[in-house]
Amino acid sequence: MTKIHLETFGQGKPIVLVHGWAMHTGIWREFAKQLALNYQVTCIDLPGHGRSEKIEPFTLERISAELVNVVPEQSCCWLGWSLGATIVLDIAARYPERVSSLVLLAGNPAFTVGATGRSPETQTPWPGMDIRLLDDFAEHLHKNCQATLLRFLSLQVNGMPDPKALLKALKTAVFECAAPDQVTLQGGLNILKQADMRPVLSGLTLPVSVILGGLDTLVPVAVGQRMQQLLPTLELDIIDRAGHVPFLSHSRETVAIISRFMEEQCS
């Protein structure tokens, strides 16, 4: 059985936080403690990240199975940030009995720009990240892993009012643990490049909250309207001055949105 690291705070309705590519639970800690004033908040290190053992292959099917296996057997809210949003959508598809609601934070069901699908809503180019940039990250991982991660972090604070302070906070949190190995990092990039969770999103019948940053350079804010076309019942909130890490830059606003959603939709 794979060892998966958890950190749990607070009491109340359960919320599970799933982090993004190359990160770990440390990125959530201060935000999780704010959220835990009213809820039971569990932060999970993805396999091969932080203090969790790695898995091979690093695929959505394996990741979802490992996370569901380690969380108590109850239906709860799953909150996924960036890559984590893709993962919690996959968990909702594979283990619907374990998911009461979803919060997609700076996430995109089809992460790369131009992805198209079969339904009318997905025939026009989809807003997303340039796949060439992800390919560039993949290539540079083999040359200098730490430099590549630092470059990725800097992208997450582009356009923010105080990017240096935010980048410093990101670095401090992320480098608390050793970086994932190249196989795990490459597996995460492959998921971002290849996974298309739009059919899953469009078929959901549970409450869904989408929170986007108006200045996000990785997940274009335009994707929010497209996601609403796929699932008209979802709640969309845009934090105008936030980038890709609203839980760090705008933690109060993010907590308020999640709290409102939990009370209104998940009572």
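Taking the numbering used here, the leading residue of the sequence shown gets 3, the next gets one more, and so forth. Ideal Cβ positions, reconstructed from N, Cα and C, are used throughout, including at glycine. Model, not experiment: these values are computed from the prediction.
query                                                                                                                                                                   : result
Rounded to a whole number of angstroms, what is the C-alpha to C-alpha distance between residue 37 and residue 248?                                                     : 14 angstroms
According to DSSP, which residues form a beta bridge with residue 16?                                                                                                   : 42
Tell me the start and end of each unbroken beta strand (DSSP E) in the region 136 to 165 that is at least 3 residues and wholly inside, in chain order.                 : none
From the DSSP secondary-structure annotation, give me the bridge partner or partners of residue 177.                                                                    : Residue 177 pairs with nothing; no bridge assigned.
Let me check understanding here. Comparing Cα to Cα, which of 108, 81, 115 and 77 lies closest to residue 100?                                                          : 77
Check whether the region 132 to 146 and the region 8 to 22 touch, using three or more Cβ-Cβ pairs below 8 angstroms as the test.                                        : no
Based on the DSSP secondary-structure assignment, which residues constitute the bridge partners of residue 73?                                                          : DSSP, once it has assigned bridges, lists no residue as partnering residue 73.
Count Cβ pairs between the region 69 to 83 and the region 216 to 227 that sit closer than 8 angstroms; are there 3 or more?                                             : no
Pull up the CB-CB distance for residue 263 and residue 159, whole angstroms please, since I reckon it's below 8 angstroms.                                              : Rounded, the Cβ-Cβ distance is 26 angstroms, inconsistent with contact.
Assuming residue 98 contacts residue 115 (C-beta within less than 8 angstroms), just tell me the rounded distance between them.                                         : Rounded, the Cβ-Cβ distance is 30 angstroms, inconsistent with contact.
Taking C-alpha atoms, which residue in 55, 24, 83 and 43 lies nearest to residue 250?                                                                                   : 83
Do the CB positions of residue 193 and residue 62 come within less than 8 angstroms of each other?                                                                      : yes
By how many angstroms is the C-alpha of residue 6 removed from the C-alpha of residue 72?                                                                               : 7 angstroms
Would you call the region 182 to 191 and the region 38 to 58 in contact, with 3 or more CB pairs under 8 angstroms?                                                     : yes
Given a cut-off of 8 angstroms, decide if residue 197 and residue 88 are closer than it, judged by their beta-carbon atoms.                                             : yes
Please state the DSSP three-state secondary structure of residue 82.                                                                                                    : strand
Please report the distance separating the alpha-carbon of residue 25 from that of residue 8.                                                                            : 14 angstroms
Check for me: the beta strand (DSSP E) holding residue 186 runs from which residue to which?                                                                            : Residue 186 -> not in any beta strand (DSSP E); alpha helix (DSSP H) instead, spanning 184 to 196.
Can you list, in chain order, the residues of its chain whose CB lies under 7 angstroms from that of residue 140, leaving out five sequence neighbours each side?       : 188 and 191
Can the beta-carbon of residue 220 be found less than 8 angstroms from the beta-carbon of residue 162?                                                                  : no
For residue 211 and residue 27, I'd like the C-alpha separation in whole angstroms.                                                                                     : 21 angstroms
Can you tell me which of the three DSSP states residue 33 falls into?                                                                                                   : helix
CB-CB under 8 angstroms to residue 172, same chain, minus the five flanking residues each way: which ones, in chain order?                                              : 29, 155, 158, 159, 247 and 250
By the three-class DSSP mapping on this structure, what secondary structure does residue 47 have?                                                                       : coil
How is residue 9 classed by DSSP in three states: helix, strand or coil?                                                                                                : strand
Any idea which residues DSSP pairs residue 114 with across the strands?                                                                                                 : 131
Between 207, 254 and 261, which lies nearest to residue 235 when the distance is taken from Cα to Cα?                                                                   : 207
Compute the beta-carbon to beta-carbon distance between residue 204 and residue 233, rounded to the nearest angstrom, for a pair I have assumed lies under 8 angstroms. : 6 angstroms
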